[in-house]
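Take a look at the structure set out below.
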């Protein structure tokens, strides 16, 4: 007897879990034309249900009923039975045709089984007019007194545009009279205060006074020395040496200058030594640091820009040579 009771209990419990329940109701089943009502449908199913298809609501429920608003689908669980999952949705509707309008059932599919709600009926009434009221003629337009504030509000953007135009015109006249109409002065020729070699020598002297490599900062010494040399080359030969590699600098120097082979090789060695010191590939000796600084002074001195004078011209040299020959004769 006990086994039979237990079996019936579990059977009823299982049937309760598998049962699906659908419903729909109207918040107000009678409205007047243009008024709104709400449909709310509900699906209660087991949490074990895997394939659930809910109604797809469009812009209308039927030809006579329009959808105004559609809420998000709300999903909750039954407070008394956590195994029951509840889906809800609220649909705001209206109608512009009087009469009795049927709302078709909402169709749900749960685990390949179809469930439908009961159909609903919406009654739409017309607006009642009182027969006792007299039909009156249309009233004439009332003339209102002129209001400056109302005129300003009506023409605000026109006033703003005209004001902006006047302000822009005044600013243009001001700058014209102040800058464009004043007498033109002769252009001032810009003369640089320091030449490339003067600036480089000054920076080399400052680097020498810092005594970086003597205090153990060999990397900092070579970083500054390489920067000074590259900056001097950039200003002296007019190409971006600060942005180029050592090989690119030497290639451009070969085309734009007439360096001796010995000076070119020494420049290559010093730039390479500075690069390796910067990246901690080598630790130059004290003698190498001293020679690198001395070479930088020598390189600037030998490659600095020199203006040619009449004494350096080939004609002057030929005249001097001819004078010597005449004296010997």
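Numbering (our numbering), first residue to last: 217 to 545.
Glycine residues also receive a C-beta, built at the ideal position from the N, C-alpha and C atoms.
Bear in mind that the values here come from a model prediction, so they are computed numbers and not experimental data.
Reducing DSSP to helix, strand and coil, say where residue 486 ends up. Counting from one through the chain shown, the residue named residue 486 turns up at place 270. In this structure, residue 486 counts as helix in the three-state DSSP scheme.
For the structure I just gave you, are there three or more beta carbon pairs, one from the region 330-337 and one from the region 289-304, closer than 8 Å? no
Whole angstroms are fine: how far does the CA of residue 344 sit from the CA of residue 338? The sequence position of residue 338 within the chain shown is 122, counting from 1. The sequence position of residue 344 within the chain shown is 128, counting from 1. Rounded to the nearest angstrom, the two C-alpha atoms are 18 Å apart.
Between the region 409-422 and the region 499-519, are three or more C-beta pairs nearer than 8 Å? yes
Provide the residue(s) that pair with residue 317 in DSSP beta bridges, ordered along the chain. Taking the chain shown and counting its residues from 1, one reaches residue 317 at position 101. Paired residues: 338.
Note the first and the last residue of the continuous alpha helix (DSSP H) segment covering residue 265. Here residue 265 refers to the residue found at position 49 when the chain shown is read from its first residue. Segment: none, residue 265 is in no alpha helix (DSSP H) and carries neither H nor E.
Beta-carbon proximity check, residue 456 vs residue 488, cutoff 8 Å: Position 240 of the chain shown, counted from the start, is the residue given in the question as residue 456. Position 272 of the chain shown, counted from the start, is the residue given in the question as residue 488. Cβ atoms of residue 456 and residue 488: not closer than 8 Å.
If we count Cβ pairs, one from each stretch, closer than 8 Å, do we get three or more for the region 356-364 versus the region 291-310? no
Enumerated in chain order, which unbroken segments of the alpha helix (DSSP H) with a length of 4 residues or greater are wholly contained in the region 400-479? 412-426, 434-453 and 462-472
Once the 5 residues before and after residue 273 are set aside, which same chain residues still bring their CB inside 8 Å of it? If you number the chain shown from 1, residue 273 lands on position 57. Only 283, 286, 305 and 307 meet the Cβ criterion.
Relative to the C-alpha of residue 297, which candidate in 281, 262, 458 and 427 has its C-alpha closest? Residue numbering aside, residue 297 sits at position 81 when the chain shown is read from its first letter. Comparing Cα-Cα distances from residue 297 to each of 281, 262, 458 and 427, the minimum goes to 262.
Tell me whether the beta-carbon of residue 496 lies closer than 8 Å to the beta-carbon of residue 435. Numbered from its first residue, the chain shown carries residue 496 at position 280. Numbered from its first residue, the chain shown carries residue 435 at position 219. Against a cut-off of 8 Å, the Cβ pair of residue 435 and residue 496 comes out as a contact.
Bridge-paired residues (DSSP) for residue 285: Stepping through the chain shown from its first residue, residue 285 is reached at position 69. Answer is 308, bridged to residue 285.
In whole angstroms, what is the alpha-carbon distance linking residue 239 and residue 260? Reading the chain shown from its first residue, position 23 is the one you call residue 239. Reading the chain shown from its first residue, position 44 is the one you call residue 260. So the alpha carbons of these two residues sit roughly 9 Å apart.
Where residue 509 falls: helix, strand or coil (DSSP): Residue 509 sits at position 293 when you count from the first residue of the chain shown. Helix at residue 509.
Considering just the uninterrupted stretch of the beta strand (DSSP E) at residue 247, what are its terminal residues? Position 31 of the chain shown holds residue 247. Run containing residue 247: 246-248, per the beta strand (DSSP E) assignment.
Check whether the Cβ atoms of residue 311 and residue 341 lie closer than 8 Å to each other. Counting from one through the chain shown, the residue named residue 311 turns up at place 95. Counting from one through the chain shown, the residue named residue 341 turns up at place 125. No, the pair does not count as a contact, with Cβ atoms beyond the cut-off.
Could you tell me which residues DSSP puts in a beta bridge with residue 326? Taking the chain shown and counting its residues from 1, the one referred to as residue 326 is at position 110. 268 and 329.
Kindly give me the distance between the Cβ atoms of residue 458 and residue 440, rounded to whole angstroms, as I take these residues to be in contact under 8 Å. Taking the first residue of the chain shown as position 1, residue 458 is located at position 242. Taking the first residue of the chain shown as position 1, residue 440 is located at position 224. Their Cβ separation, rounded to whole angstroms, is 13 Å, which puts residue 458 and residue 440 out of contact at 8 Å.
Can residue 473 be considered in contact with the ligand MN, in the sense that its beta carbon sits closer than 7 Å to one or more heavy atoms? Ligands displayed in this structure: none; no statement on the ligand MN is therefore possible.
Starting from residue 376, follow the alpha helix (DSSP H) in both directions and report where the run begins and ends. As a working mapping, residue 376 is identified with position 160 in the chain shown. Per DSSP, residue 376 belongs to the alpha helix (DSSP H) from 372-391.
Once DSSP output is grouped into helix, strand and coil, what is the label at residue 368? Sequence index remark: in the chain shown, residue 368 carries index 152 (1-based). Reduced to three states, the DSSP call for residue 368 is helix.
Could you tell me the distance, in whole angstroms, from the CA atom of residue 265 to the CA atom of residue 321? Translated into the one-based positions of the chain shown, residue 265 becomes position 49. Translated into the one-based positions of the chain shown, residue 321 becomes position 105. Rounded to whole angstroms, residue 265 to residue 321 spans 22 Å at the Cα level.
Contact check, residue 451 vs residue 412, beta carbons under 8 Å: To locate residue 451, count along the chain shown from 1; it is residue 235. To locate residue 412, count along the chain shown from 1; it is residue 196. Cβ atoms of residue 451 and residue 412: closer than 8 Å.
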